[in-house]
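Only one structure is covered here, and it is reproduced in the block below.
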Amino acid sequence: MAFDGHSRYKLNRPVTDTESSARLHVNERRTDSAKSVGTVFKATDSYLEVCDGLYREKGWGLLAFSTAGILFFCLIAMFLWIATHMPIAVRAKGQQGIVYFLLAIFSLIGIGGLAVTVRALLIDCFNYTRKPIRFNRLDRKIYAFRHNGPGGVFSVPWDSAFLYVERKPKAGLAGTAPRVVRCLVLNDEGLVVGTFSVGKYVELAFEENSPAGQQAMEELYQDFEYYRRFMEEGPSAVPPVAEFLTTEVSFRNSLKLQFDGASDLLKSGNPVMSLVTIIAALPTFILAVAYYIAQRTCREPVWPEEVERACNAATPSNGLTA
């Protein structure tokens with residue numbers, strides 16, 4: 351079993367029919383337009399370094415711990431206090447056993463809830479500021495950073511890479527359905543031994559075959575097509591990167607990341623979208639604060655020397671910057 355963000359994935363298994371049917375073949379064009387918006391950290395003639403699909407999701411775990419986690423902690427403390435300060439009326443009726451039993455049950459539930467929020471906190475905090483992905487044309491491999499030190503990078507041959515669109519069902523208060531390009535790391539027997547997400551992450555509020563859903567999916571496919579053409583046809587086959595993601599941790603950059611696209615919605619002239627954007631401003635600001643705090647606790651990823659040599663990081667950029 352492996353975790354990618356808050357999601358759990360079964361390992362040492364064959365590829366499922368659902369994954370096979372959603373596969374994105376590296377030698378087949380998925381859409382006519384190749385465009386990467388808000389996913390590229392760095393571009394050279396040799397490689398693209400992009401974000402994983404969870405890069406913008408940091409902060410939710412910190413918020414979960416700051417709200418539900420603290421509540422669970424307070425409830426556990428209250429149950430322990432009651433257990434050590436049993437009311438006289440309860441003792442007089444000889445009902446301590448029933449109360450202790452109920453307190454034990456509620457305490458276990460509270461401990462379980464607290465453990466879930468602590469795990470969510472540790473995914474966001476005391477981790478890495480980012481887990482980048484490199485598409486390297488020189489040796490035709492995808493490198494996915496997992497952690498510093500030995501064994502901390504997945505290396506996947508581009509020509510045999512199993513990339514597919516991961517479709518999750520609608521969930522959460524907003525009832526949105528996440529979509530992201532995911533890569534399965536396969537061993538020689540074709541079993542899944544690892545996984546990581548790549549690039550753009552979209553959430554569908556409508557059905558995928560609706561106009562709004564098709565537009566969101568087109569953005570996802572354009573992002574993948576950008577990486578595919580870079581690897582298959584070279585940097586001259588893709589347009590310049592309009593705006594790079596920054597690796598600098600700052601509150602300003604956190605605000606910019608979380609409010610990305612808000613100005614376009616306000617300028618759209620659609621009163622409903624403008625109202626939704628205004629209403630969402632405060633929650634988005636809170637998430638930006640949580641994102642910044644989480645980032646400040648994290649350390650920088652360091653690519654192994656062998657990966658840097660393979661990517662020839664000294665190659666100057668030519669044609670991929672606007």
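Residue numbers for the sequence shown follow my numbering, beginning at 351 and rising by one.
Using N, Cα and C, we set each Cβ at its ideal position, and we do this for glycine too.
These numbers were taken from a predicted model, which means no experiment stands behind them.
Under the 10 Å beta carbon count, Pro364 is surrounded by fewer than 16 other beta carbons and is classified as exposed.
The shortest C-alpha to C-alpha distance from Val387 to any of Ile636, Tyr576, Ala638 and Ile483 is the one to Tyr576. Of the residues assessed, Trp431 falls on the exposed side of the cut-off, its CB having fewer than 16 other CB atoms within 10 angstroms. Judged by their CB atoms, Val515 and Leu570 are nearer to each other than the 9 angstroms cut-off.
In this structure Ala587 is in contact with Arg579, their Cβ atoms being roughly 5 angstroms apart against a cut-off of 8 angstroms. By a beta-carbon distance limit of 8 angstroms, Ala494 contacts Val503. Their separation comes to about 7 angstroms. Under the 8 angstroms Cβ criterion, the segment 482–498 does not count as touching the segment 410–426, having fewer than three qualifying pairs. In this structure, Arg529 places its C-beta atom within 9 angstroms of the C-beta atom of Val552. Excluding residues up to 5 positions away in sequence, Asn498 lie with their Cβ nearer than 6 angstroms to the Cβ of Val652 in the same chain. Here Gln445 is exposed. Its C-beta has fewer than 16 other C-beta atoms within 10 Å.
Gly403 places its beta carbon less than 9 angstroms from that of Val548.
Counting of Cβ neighbours within 10 angstroms places Thr366 among the exposed residues, the total staying below 16. Minimum Cα-Cα distance from Ser371 among the listed residues Phe415, Leu513 and Asp395 corresponds to Leu513. Between the segment 596–603 and the segment 532–546 there are fewer than three C-beta pairs closer than 8 angstroms, too few to call the two in contact. Just measuring C-alpha positions, the residue of Thr389, Ala352 and Phe429 sitting nearest Val449 is Phe429. Looking only at Asp395, Asn559, Leu534 and Asp509, the smallest Cα-Cα distance to Ala527 is reached by Asn559. Uninterrupted alpha helix (DSSP H) stretches at least 4 residues long and entirely within the segment 435–471 occur at 438–442, given in chain order.
Here Leu374 is near Phe574, since their CB atoms are less than 9 angstroms apart.
Note that the C-beta distance between Phe353 and Leu595 is not below 9 angstroms. In the three-state scheme derived from DSSP, where H, G and I count as helix and E and B as strand, Lys360 is classed as coil.
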